[in-house]
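Numbering (this note's numbering), first residue to last: 223 to 402.
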């Protein structure tokens, strides 16, 4: 089976969403980035947090609105939530248990990766020793507040091993293996 990978674009000061979950800041940093495009081709399924699933969309007002990676990816999505919507959502399975959600997403992804979207789900995956890799695209902006890439004030440090780093005009790309 493929790996469990957390990916996000982050401001230089460590935020993946602005205050109130605002993702509008990200729009100007979506641009040519071969490493990000290559990462999308590795994905076989998504494991998404409920706040991320229902949150703001950096592709708002475009053809890519409401689509994973602005329409750059299509496939099975598993949303971790204790309160699924009353009406089914096409292509989306709601799961209430992390281990069950990871297992279902990995089965759906086959040999490809499961991409974790959402800080809370990523933290839960780290706490459960399930996360294999982290890919961060650091945008040249300081947001000053919002949702942090990773926040666990009471937790022990999580050692990482850098796999790759590169830069494009709109981001610095970093990829790490989670050491256990």
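Ideal Cβ positions, reconstructed from N, Cα and C, are used throughout, including at glycine.
query: Spatially closest choice to residue 253 from 359, 370, 365, 367, by CA coordinates; result: 359
query: Unbroken beta strand (DSSP E) run spanning residue 384, endpoints; result: 382-390
query: Cβ contact check for the segment 341-351 and the segment 371-378: 3 or more pairs under 8 Å; result: yes
query: Proximity of residue 240 and residue 367 at Cβ, strictly below 9 Å; result: yes
query: Distance, residue 306 Cα to residue 248 Cα; result: 27 Å
query: Host beta strand (DSSP E) of residue 393 (start-end); result: 393-400
query: For residue 301 and residue 283, the rounded distance between their alpha carbons; result: 23 Å
query: Inter-stretch contact at 8 Å, needing at least 3 Cβ pairs: the segment 373-382 / the segment 259-278; result: no
query: Sub-9 Å separation of residue 256 and residue 390 beta-carbons; result: yes
query: Candidates 314, 297, 294, of which the one nearest residue 303 by Cα; result: 314
query: Segment limits, beta strand (DSSP E) that includes residue 315; result: 314-317
query: Buried versus exposed, by CB contacts within 10 Å (16 or more), residue 259; result: exposed
query: Cα-Cα separation between residue 265 and residue 230, rounded to whole angstroms; result: 14 Å
query: Collapsed DSSP secondary structure at residue 370 in the structure displayed; result: strand
query: Close beta carbons around residue 323, own chain, < 7 Å, minus the five adjacent residues each side; result: 269, 300, 302, 317
query: Check whether residue 392 and residue 361 have beta carbons under 9 Å apart; result: yes
query: Contained alpha helix (DSSP H) runs [length at least 4] in the segment 279-367, N- to C-terminal order; result: 320-331, 341-349
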